[in-house]
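All remarks here apply to the structure that follows.
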Amino acid sequence: MVIRDASLIESFRLKTTDQFSRTEAALEKEMKRYSWSPFYGPLLYALEGGKRIRPVILMLASEAVGSGNEDSSLVAVAIELLHTESIIHDDIIDDEESRRDRVAFHIKYGNETSLLTADFVFGMILDIASKCENPRIAKELSNAALRMCEGEFLELKMDPTVQRITWDKYIETISKKTASLFQTAAKMGAIIGGGTDAEIAALSDYGLQLGIGYQIQDDILDWDKDGKMTKAIVIESEADSDNIAYLRRMSETHAELAISRLGELRQSTAKESLSELADFSITRSV
Numbered sequence: 001m002v003i004r005d006a007s008l009i010e011s012f013r014l015k016t017t018d019q020f021s022r023t024e025a026a027l028e029k030e031m032k033r034y035s036w037s038p039f040y041g042p043l044l045y046a047l048e049g050g051k052r053i054r055p056v057i058l059m060l061a062s063e064a065v066g067s068g069n070e071d072s073s074l075v076a077v078a079i080e081l082l083h084t085e086s087i088i089h090d091d092i093i094d095d096e097e098s099r100r101d102r103v104a105f106h107i108k109y110g111n112e113t114s115l116l117t118a119d120f121v122f123g124m125i126l127d128i129a130s131k132c133e134n135p136r137i138a139k140e141l142s143n144a145a146l147r148m149c150e151g152e153f154l155e156l157k158m159d160p161t162v163q164r165i166t167w168d169k170y171i172e173t174i175s176k177k178t179a180s181l182f183q184t185a186a187k188m189g190a191i192i193g194g195g196t197d198a199e200i201a202a203l204s205d206y207g208l209q210l211g212i213g214y215q216i217q218d219d220i221l222d223w224d225k226d227g228k229m230t231k232a233i234v235i236e237s238e239a240d241s242d243n244i245a246y247l248r249r250m251s252e253t254h255a256e257l258a259i260s261r262l263g264e265l266r267q268s269t270a271k272e273s274l275s276e277l278a279d280f281s282i283t284r285s286v
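Heads up: the sequence shown is residues 1 to 286, going by UniProt numbering.
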């Protein structure tokens, strides 16, 4: 059962200070390699203010089945870069004016520079993938990018102002657009950490369910925005005439499913942090 307890969220933040710091250090190191580039300044702006949840998941997953290593830090950077690239594109498509309490990237730099920056980020990700000895890493990153694009395309083709959306279609969309990167982060962490097939499968499922719950919570927080897909969802249960109440319950359900998959792992601090992250994902206010 997911418990709404602020102390658990604070505990998660404290327990993952090391993973967060390692992510920041790895990002800084990777970015310095491109200090010569005209994209350097814009990229620093794009990366600033991120919660780094996805790379932290990767590191925790690696530690939960084995141990963190240099590869986990480098691939964590690739995960954050892929997330950053998707944000740039997403904000252009949705014509967002702000992100992380600042002017959205495309508003600050223009659509042309934004698109080129996102392309440049893909090049950085490919470079990182080429350095990884395990070919599964490149394959998983590729699969994540493909699914994220498919999810964005599904959402693009929906017009919540004129059509109703089934719950299954909503879940399919957010599973691809958002949850796929959570899933990839957890799965790649397990692969890098040398996990068994059962552990890799469990953490892959954990990431998927966590990502679904996380996106549902995002949609709850964005409820008042115009044109939100969630407002057009058809809730088929007669007991759930209130969409937002149903969304809250479903976010908890998916967080609980994520936690249940951690049962495949041995007890560790990393496992505890992954469990607490599920609570954080659906109780956060940002």
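Every residue gets a Cβ at the ideal spot worked out from N, C-alpha and C, and that includes glycine.
Contact check, Ala46 vs Leu58 under 8 Å by CB: the rounded distance?
Their Cβ separation, rounded to whole angstroms, is 20 Å, which puts Ala46 and Leu58 out of contact at 8 Å.
Hey, quick one: how far does the alpha helix (DSSP H) through residue 292 stretch, first residue to last?
In the structure as shown, the chain begins at 1 and stops at 286. Residue 292 is therefore absent and cannot be evaluated.
Which of the three DSSP states is assigned to Arg99 in this structure?
If DSSP states are grouped into helix, strand and coil, Arg99 belongs with the strands.
Distance, Cα to Cα, Ile92 vs Gln267?
43 Å
On the three-pair Cβ rule with 8 Å, is the stretch 145 to 153 touching the stretch 171 to 178?
Yes: at least three Cβ pairs fall under 8 Å.
Is it right to say Asp127 is buried, meaning 16 or more other beta carbons lie within 10 angstroms of its own, or is it exposed?
By the 10 Å Cβ count, Asp127 comes out exposed.
From Met124, Gly193, Ile165, Leu208, pick the residue whose C-alpha is nearest to that of Asn243; which is it?
Ile165
If we ignore side chains and look at the alpha-carbon of each, how far apart do Trp36 and Ser98 end up?
28 Å
Using a threshold of 9 Å, state whether the C-beta atoms of Arg54 and His89 are closer than that.
No, these two residues do not count as a Cβ contact at 9 Å.
Straight-line CA distance for Leu277 to Ser67?
19 Å
Going by alpha carbons, who is nearest to Met188 out of Met158, Ser73, Gly41?
Ser73
So the candidates are Met31, Arg100, Ser62, Pro38; which of them puts its Cα closest to the Cα of Gly50?
Arg100
Taking the runs of the alpha helix (DSSP H) that are 4 residues or longer, which of them lie wholly in the stretch 35 to 100?
40 to 47, 53 to 65, 70 to 94
If we ignore side chains and look at the alpha-carbon of each, how far apart do Gly193 and Asp159 end up?
Distance between the alpha carbons of Gly193 and Asp159: 42 Å.
Please say whether Ala78 and Ile125 have beta carbons closer to each other than 9 Å?
yes
Starting from Glu264, trace the alpha helix (DSSP H) in both directions and tell me its first and last residue.
Counting along the chain, Glu264 falls outside any alpha helix (DSSP H), and DSSP gives it neither H nor E.
Tell me whether Ser21 is buried or exposed, calling it buried when 16 or more other Cβ atoms sit within 10 Å of its Cβ.
By the Cβ neighbour-count rule, Ser21 is exposed, with fewer than 16 other Cβ atoms within 10 Å of its own.
List the whole-angstrom C-beta distance separating Thr23 from Val65, where the pair is believed to meet the contact cut-off of C-beta under 8 Å.
Contact between Thr23 and Val65 is ruled out by a C-beta separation of about 19 Å, above the 8 Å threshold.
When you compare only the Cα positions, how much space is there between Glu238 and Ala258?
Low confidence applies here, because Glu238 scores a pLDDT of 45, under 50, leaving its location unreliable; read the following figure in that light. Glu238 and Ala258: Cα-Cα distance of roughly 27 Å.
Using the C-alpha atoms, what's the distance from Ala255 back to Thr113?
37 Å
Give the single residue among Thr184, Met31, Gln217, Tyr34 whose Cα lies nearest to the Cα of Lys139.
Thr184
Across which residues does DSSP place Ile244 in a beta bridge pair?
Looking at the DSSP assignment, Ile244 forms no beta bridge with any residue, so it has no partner.
I need the boundaries of the alpha helix (DSSP H) containing Ala186, first residue and last residue.
180 to 192
Assign Thr17 to buried or exposed, taking buried as 16 or more other Cβ atoms, counted over all protein chains shown, within 10 Å of its Cβ.
The residue in question, Thr17, is exposed, as its Cβ has fewer than 16 Cβ neighbours within 10 Å.
Cα separation between Gln19 and Gly207?
17 Å
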